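Student: Residue numbers (UniProt numbering): 1 to 102. Let me give you the structure first, and then I'll get to my questions.
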C-alpha cells in the first residue's frame, strides 16, 4: 500500500488501468479492520496500485472527493472514477467488486 503524502492527486489516479484509493481515519474501527486486507491485496495484486489517504491529514482532498464516511474505497480506471463503496468488506467481496471493472 502506498501512503498518500500530499503529492498531486491527479498524478496518483491518472494511471493506465486500475487504481484503488482507501480513504480512512486512524480512529475508525472498520478502517483498522480493512487495512490488513488491503495491504495483503496490494502485495499480491501488483498491477493495481493501492493508496491510502488519511482524511484527517488531507481534509480538503476528502471534501473534494465527496467522502462522507470511512472507510470509503474509490476505484479509478484510466484516471476516471468507476466505482466507490463505503464500510468494511471481506476480501472475497472486494475482489469480486474490483473484478467487475478489469
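The C-beta atom is built at its ideal place from N, Cα and C for all residues, glycine as well. Keep in mind it's a predicted model, so treat the numbers as computed, not measured.
How many Å lie between residue 85 and residue 78 at the Cα?
Tutor: Whole-angstrom Cα-Cα distance: 19 angstroms.
Student: If distances are taken between C-alpha atoms only, which option among 75, 80 and 70 comes closest to residue 27?
Tutor: That would be 70, whose Cα lies nearest to the Cα of residue 27.
Student: Out of 7, 53 and 6, which one is the CA nearest neighbour of residue 20?
Tutor: Selected option, being the one with the closest Cα: 53.
Student: With distances taken between CB atoms, is the gap from residue 50 to residue 22 smaller than 8 angstroms?
Tutor: Contact flag set, yes.
Student: If we count the other Cβ atoms within 10 Å of its Cβ and call it buried at 16 or more, is residue 25 buried or exposed?
Tutor: Buried is the call here.
Student: What is the DSSP secondary structure of residue 45, reduced to helix, strand or coil?
Tutor: Here residue 45 sits in coil by DSSP.
Student: Would you give the residue range spanned by the beta strand (DSSP E) that residue 81 belongs to?
Tutor: Note, residue 81: beta strand (DSSP E), 80-86.
Student: To the nearest angstrom, how far is the alpha carbon of residue 58 from that of residue 12?
Tutor: Taking the straight line from one Cα to the other gives about 14 angstroms.
Student: Do residue 75 and residue 83 have their C-beta atoms within less than 8 angstroms of each other?
Tutor: Yes, these two residues count as a Cβ contact at 8 angstroms.
Student: At 3 residues or longer, and completely inside the UniProt domain "Thioredoxin" (1-102): list those beta strand (DSSP E) runs for me, N to C.
Tutor: Within the UniProt domain "Thioredoxin" (1-102), the complete beta strand (DSSP E) runs of at least 3 residues are 18-24, 50-54, 72-77 and 80-86.
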